[in-house]
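Going by UniProt numbering, the first residue of the sequence shown is number 1, and it counts up by one from there.
Built from N, CA and C at the ideal position, the CB exists for glycine as well.
Note that this is a predicted model, so its numbers are computed, not measured.
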Amino acid sequence: MFSIVIPTYNRKDELMDSLASITELDDCGCAFEVIVVDDCSTQIYDLDLTTFGIEISYVRLAENGGPSVARNTGAMRAKYDWLLFLDDDDRFLASKLVDVKRAITENSECDLFYHLACIDMQNEGFSYQTKQNRFSTFKEIQGIVLDSNPIGGAPNIIISRTLFLIAGMFDSRMKAIEDYEFIIRLARNHPETRMFYIEKPLTRCQYVTNKSSVSKSAINTQLACEYVKNKYSLAGDDALRFSVNEQLMCAYAQVMNKNRMAALNYKNAFLLTKKLQYLVIAVLCLINPALLFFVKNIVSSKQGK
């Protein structure tokens, strides 16, 4: 029923922990496989996959292609109908497969399912839960998808393998926000496709500040945004809305590296929207980007009460 695709690059220890967590999932009473795609790591993995007691296949790419290529490779090798994506340093929560199986059984007309995630800020010592809204078709997000990703990243979606392949998979030319671009594409090209929102966290993501990562590179994010604008020939209001989003995504990448350059991105977002909140955040970033995590921790604590 499920094919779990895990791209990995130079994170053997994290991968082993991730695989171990899959063995601890609640029994869903259905078949599943795990496909590990090594994106040409320079680190020697030398894995003994037989110790986990589950079906795991390991594929090593001949050259580094980025997360899109790794995930696409796993999807093309998958033998089951439903694709789940897991980053090598993240975890599925115990009830993931059980809850997803139930949702698929009760909503057989849907080709994509999405859910919340728990985000652990490792260095800052706090956690928070993502927020999404409920949508039934991709047509419903056409008017907002350029403002932000309303569905979430790859670890938070479950998609039919058929739809994933028909839609063209992740764009291999992108080194960042490839999962977001895929959602934009679905909204534009497959508006009638039905989806279902599972309103609970089923993935736990580990966020580590000041750690080298392709997805946290502001340069790669900026290049990816320029690529999206050209790919979809964004103009007028669409271009403006996505440009604001671009500034916020680049700011996020800078903040995760605790770089004061995030202040410039937030200032640009203020100039584009005249929203005072972006100017306030810009000032905080200029003082110290770590202040944003302090504020986020306070807000998350209040929301959790």
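Sub-7 Å separation of residue i and residue j beta-carbons
| i | j | result |
| --- | --- | --- |
| C285 | A262 | yes |
| C40 | N72 | no |
| A70 | V36 | no |
| R241 | L116 | no |
| S3 | Y80 | yes |
| A31 | M1 | yes |
| R11 | D88 | yes |
| Q129 | P201 | yes |
| A78 | R204 | no |
| C28 | K101 | yes |
| C250 | T221 | yes |
From the options, residue whose alpha carbon lies closest to that of residue i
| i | options | result |
| --- | --- | --- |
| D171 | S160, T162, I184 | I184 |
| Y114 | Y278, N107, T73, N156 | N156 |
| Y252 | I281, K274, Q43, T273 | I281 |
| K267 | E140, P289, Y278, D99 | Y278 |
| I141 | D99, T105, M195 | M195 |
| I151 | M169, I56, L186, G53 | L186 |
| T51 | G74, L61, A20, P67 | A20 |
| N259 | F293, G236, L271, D237 | F293 |
| E24 | L97, S233, V228, D237 | L97 |
| L61 | C118, E106, M16, Y9 | Y9 |
| G143 | S233, D237, P289 | D237 |
| M256 | D120, E14, N149, Y45 | D120 |
| I44 | I56, M169, L15 | L15 |
Cβ-heavy atom distance, residue i to the ligand FAD, below 6 Å
| i | result |
| --- | --- |
| K200 | With respect to the ligand FAD, the structure offers nothing, as it holds no ligand at all. |
Neighbour-count burial assignment, residue i, 16 or more Cβ in a 10 Å radius
| i | result |
| --- | --- |
| D26 | exposed |
| Q254 | buried |
| V34 | buried |
| N230 | exposed |
| E109 | exposed |
| I22 | buried |
| P18 | The amino acid occupying residue 18 in the given sequence is Ser; Pro does not appear at that position. Per the 10 Å Cβ criterion, buried. |
| V299 | exposed |
| V295 | exposed |
| P191 | exposed |
| N265 | buried |
| L83 | buried |
| S68 | buried |
| L276 | exposed |
| G153 | buried |
| G74 | buried |
| N288 | exposed |
| G53 | exposed |
| D48 | exposed |
| L271 | exposed |
| D13 | exposed |
Anticipated Cβ contact below 8 Å, residue i with residue j, distance rounded
| i | j | result |
| --- | --- | --- |
| A167 | N189 | 7 Å |
| I6 | L86 | 5 Å |
| L165 | T193 | Incorrect: roughly 13 Å between the Cβ atoms, too far for contact. |
| residue 375 | I198 | In the structure as shown, the chain begins at 1 and stops at 305. Residue 375 is therefore absent and cannot be evaluated. |
| Y227 | R173 | 7 Å |
Original post:
Is it a yes or a no for the stretch 135-143 touching the stretch 92-99, going by three-plus beta-carbon pairs under 8 Å?
Top reply: no
Touching or not, the stretch 234-248 and the stretch 198-214, by the rule of three or more beta carbon pairs under 8 Å? no
Practice task
Could you tell me whether the stretch 174-182 touches the stretch 120-131, where touching means 3 or more Cβ pairs closer than 8 Å?
Solution key: no
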